[in-house]
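Reviewing the structure listed below.
2 protein chains.
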Amino acid sequence: MGTIAAEAFGAVDTPFALVDEARLNRNIERMNGVAGRHGVRFRPHVKTAKCREIARKIFGGTGPITVSTLKEAEYFLADGFDDILYAVSVSPAKLERARSIANTGAKLTVLVDSVAAARAVADFQRTPPALGVAIEIDSDGRRAGLKPDDPSVVDIAEILEGAPAVRFWGVVTHAGGSYDCIDEDGIRRMAEQERVAVVEAAEKLRARGFACPNVSVGSTPTLTFAEHLSGVTEARAGVYVFQDLVMANLGVCTLDDIALSVMATVISHRPDKGWIIVDAGGLALSKDHGTAEQARDYGYGAVCDADGRLLPGLTVGKVNQEHGLITAADEAAAATLYSILPIGARVRILPNHACMTAAAYDVYQVIAGEAARQWGRCNGW
Amino acid sequence: MGTIAAEAFGAVDTPFALVDEARLNRNIERMNGVAGRHGVRFRPHVKTAKCREIARKIFGGTGPITVSTLKEAEYFLADGFDDILYAVSVSPAKLERARSIANTGAKLTVLVDSVAAARAVADFQRTPPALGVAIEIDSDGRRAGLKPDDPSVVDIAEILEGAPAVRFWGVVTHAGGSYDCIDEDGIRRMAEQERVAVVEAAEKLRARGFACPNVSVGSTPTLTFAEHLSGVTEARAGVYVFQDLVMANLGVCTLDDIALSVMATVISHRPDKGWIIVDAGGLALSKDHGTAEQARDYGYGAVCDADGRLLPGLTVGKVNQEHGLITAADEAAAATLYSILPIGARVRILPNHACMTAAAYDVYQVIAGEAARQWGRCNGW
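Top line first, the protein sequences correspond to chains A and B. Number 47 in the numbering used here belongs to position 12 of the first sequence; there are no gaps in the numbering. Number 118 in the numbering used here belongs to position 83 of the second sequence; there are no gaps in the numbering.
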């Protein structure tokens, strides 16, 4: 596989984003299996790859998706994905654009976590087609959402049910706090906390007479390790398609599962300093340093050779805009650094956070068995 | 000005990149004045804005430029900029693309800092047009380049002078260490260190019989505060066109000079947590946290109202992919947070590092006096 990559992509200038299709397929199959075992609808979050070909792989066609921007919604809708949850609190100014999507006949659901936002949607969408609206529940105290027992949850449901062209969709939560766990047990507890919060909110709503048909949870770590999803109707996960170093540190995957890397070229040697420099810097890798406070700090990326074999102990210690400085963890790795990576050699860098790194590219170079392909992605807003 | 921005860009969905043309013009005039006073050629680094309209403002037309990618070189060449220094060590695989640029008649200069890279260029470019080649000198021990007294400097010059289709251009250095200074005196010393290193290299080369016609220094901080540039023939600077919070912390500019901001919308309130959430996260702002170890840590950005007036004490404390969490520095700022920034309100966020933040956008929305404009930019590789 690696040699194919080295040959097939020899004419593509570095840095570029490389996807290993065999790993991607494996990651997709595994998570489809997890969702299947839990007996819930799977609504993958397509914000990681933002790529039609990858989303279609998940379903063997189209299916329900989660998006992080309305631009993603439009991009995937154009490819036939017509059941879309926009999982970032909607601002009133975005409702016109949301309506244009709903006007195509798509089932679009937006998110609110305040009475003010719920009123804005109810006041805006006064004639069909109905916009779906979900209430965001906070399950980990990290970001947005209402606590399950916040009286606003019921107030919002009332506003939504009373609105002429709104479908009250249900409740949604995301335990992003799972990224800060240190082991599988911690993630399992976080998964249960995520489940309990949103099921509690749904039960309170039902006790007040609201149907609350959808109860949605999810993050890659919590879905991977959840023991059960009683009371939940659907699960979401995003980064699992590529996986990354943060996920590997969490035990969610191994380094061999990481399907996205950045191909870069060695451009400078500094034996006096103990580093080599590649042409992938902060723009090509992103400045996400998500492993900084995890068990293993990979700097701005772990380094593999051009064929994808890990070079143990080599990480990108520092980045400037177009420079990445690769350093060795110990003298043994340092001793061979300059001979195995001469000027002009290519390396593959595994990302800390695949969602951030992929966003630097409009195109993925894909190693697909014996073939090389290109897939586009949707960036911006 | 601000009210114009609020009205003119009301229909543009957030997040977007906003450029204040009056500030941009002022920053450009100031740096043109600095370079003029030093009596050196000015070769601005266009990697910050990557925008034809902004580069043309600097010269009132075209002129010599510095680029960080060959894609920038091609983009600016298409607009008539034909004297280009590609200031990142060139990899052998990029020489074919460099030759295509030189074949148009443009004066393209590439950078090397090793005998291996110099040989690669000399072996590759065997027939005219000549490729310019500069030697990178290390003036601060932070990244690439050779120390001025490294014998390789002379070895490289010999290889280049002996090559059939190479122009030995001269020596280049960049004291990126100036970004780590803590005051003006420190920057001034760094500017002198930068100057001395590259002038020393040039003198050694001339003592060995090489003409070394160009001696190039530069960074925004060092050029701003350099006392003199004796022996230097040209200066470079990039981020000054926009300035940013890192530069403000260094005393290179004030907050009122920052010409780039990200317009975002308030989408969630968390009074129980003390934060509000906007729709500009890690992708819209970048995860550069360059002020983290400076005198004042602005998180992932300083917050202004929609008209550009600073909201003292408000910063983006945390980012996820599409969420930015704004927190207040003290109780006074926190007390008014929710009333001055209701759901749907717009804010402008000043960036830590303009080069990284601007890269998330294909288009700048420009406040130009009474008018609103759009300028494109060149991203990718």
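By construction, the Cβ of each residue, glycine as well, lies at the ideal position given by its N, Cα and C atoms.
Proximity of residue i and residue j at Cβ, strictly below 8 Å
| i | j | result |
| --- | --- | --- |
| V301(A) | I293(A) | no |
| A52(A) | A393(A) | yes |
| R161(A) | P186(A) | no |
| V351(B) | L320(B) | yes |
| R202(A) | V168(A) | yes |
| R381(A) | M298(A) | yes |
| V75(B) | T268(B) | yes |
| A210(A) | D175(A) | yes |
| C413(A) | E193(A) | no |
Rounded straight-line distance, which links the Cα of residue j to that of residue i
| i | j | result |
| --- | --- | --- |
| P50(B) | G316(B) | 9 Å |
| I100(A) | K82(A) | 10 Å |
| H263(B) | V250(B) | 14 Å |
| V156(B) | Y335(A) | 30 Å |
| T97(B) | E109(B) | 14 Å |
| R243(B) | A165(B) | 23 Å |
| G25(B) | V398(A) | Nothing can be reported for residue 25(B): it is not among the residues displayed for chain B, which extend from 36 to 416. |
| M36(A) | P127(B) | Since pLDDT at M36(A) reaches only 42, below the 50 mark, its modelled position is unreliable, and the value read off the structure follows with that caveat. Distance between the alpha carbons of M36(A) and P127(B): 24 Å. |
| A232(B) | F245(B) | 17 Å |
| V150(B) | F159(B) | 14 Å |
| N132(B) | R91(A) | Per the sequence shown, residue 132(B) should be read as Arg rather than Asn. For R132(B) and R91(A), the distance between alpha carbons rounds to 35 Å. |
| P256(B) | I170(B) | 22 Å |
| K212(A) | G180(B) | Inspection of the sequence shows that residue 212(A) is occupied by Gly rather than by Lys. In a straight line, the C-alpha of G212(A) is about 42 Å away from that of G180(B). |
| F116(A) | G140(A) | 11 Å |
| G286(B) | N355(B) | 30 Å |
| V189(B) | G411(A) | 46 Å |
| G71(B) | G253(B) | 14 Å |
| G197(A) | I191(A) | 10 Å |
| G404(B) | D215(A) | 47 Å |
| K129(A) | D118(A) | 18 Å |
| A153(A) | V125(A) | 9 Å |
| N138(A) | T104(A) | 18 Å |
| R331(A) | M282(A) | 11 Å |
| Q228(A) | A406(A) | 44 Å |
| D365(B) | L372(B) | 11 Å |
| A43(B) | H73(A) | 50 Å |
| E422(A) | G343(A) | Given a span of 36 to 416 for chain A in the structure shown, any question on residue 422(A) remains unanswerable. |
| Q329(B) | N60(B) | 27 Å |
| K142(A) | G45(B) | 27 Å |
Candidates the options: closest to residue i by CA position
| i | options | result |
| --- | --- | --- |
| I222(B) | A367(B), P186(B), A261(B) and I170(B) | A261(B) |
| V206(B) | D342(B), D173(B) and D117(B) | D173(B) |
| I375(B) | V401(B), A341(B) and A406(B) | A341(B) |
| H388(A) | V276(A), I93(A), L346(A) and A368(A) | V276(A) |
| L345(A) | S296(A), L360(A), E366(A) and Q329(A) | S296(A) |
| R177(A) | A367(B), I361(B), V382(B) and D365(B) | I361(B) |
| L280(B) | C390(B), H304(B) and Q409(B) | C390(B) |
| R230(B) | I217(B), K239(B) and S265(B) | S265(B) |
| H324(B) | G348(B), G343(B) and K353(B) | K353(B) |
| K322(B) | V338(B), A395(B), E366(B) and K182(B) | A395(B) |
| E357(A) | E107(A), S303(A) and R87(A) | S303(A) |
| Q278(A) | A46(A), A43(A) and R65(A) | R65(A) |
| A337(B) | Q329(B), P183(B) and L349(B) | L349(B) |
| C288(A) | R408(A), P248(A) and N62(A) | N62(A) |
| D55(B) | D48(B), A363(B), A84(B) and A237(B) | A84(B) |
| R241(A) | P183(A), I217(A) and N284(A) | P183(A) |
| D148(A) | I136(A), R87(A) and A236(A) | A236(A) |
| R383(A) | A367(A), R408(A) and C339(A) | C339(A) |
Contact belief for residue i with residue j at Cβ below 8 Å, rounded distance in angstroms
| i | j | result |
| --- | --- | --- |
| L146(B) | L290(B) | In fact, because the Cβ distance is near 34 Å, the residues do not count as touching under 8 Å. |
| G359(A) | V313(A) | 5 Å |
| R271(A) | R78(A) | 5 Å |
| I89(B) | N67(B) | With a Cβ gap of about 13 Å, I89(B) and N67(B) do not count as contacting. |
| G309(A) | A226(A) | So it is not a contact: roughly 42 Å between Cβ atoms. |
| W204(B) | T259(B) | With a Cβ gap of about 25 Å, W204(B) and T259(B) do not count as contacting. |
The stretch 314-325 of chain A: positions lying closer than 8 Å to chain B by Cβ: D314, G317, L318, A319, S321, K322, D323 and H324
Contact list for the stretch 253-277 of chain B against chain A, Cβ threshold 8 Å: none
Residues in the stretch 46-58 of chain A having any Cβ partner in chain B nearer than 8 Å: D48, T49, P50 and F51
Residues within the stretch 352-364 of chain B neighbouring chain A, beta-carbon criterion of under 9 Å: K353, N355, Q356, E357, H358 and L360
Near-chain A residues of the stretch 167-179 of chain B (beta-carbon distance less than 9 Å), N- to C-terminal order: E171, D173, G176, R177, R178 and A179
Against chain B: residues of the stretch 121-138 of chain A by CB proximity under 8 Å: V123, S124, V125, S126, P127, A128, K129 and R132
Where the stretch 293-305 of chain A meets chain B: residues whose CB sits under 8 Å from a CB there: T300, V301, I302, S303, H304 and R305
Residues within the stretch 76-92 of chain A neighbouring chain B, beta-carbon criterion of under 7 Å: K82
Contact residues within the stretch 204-234 of chain B, judged by C-beta distance below 7 Å to chain A: G211
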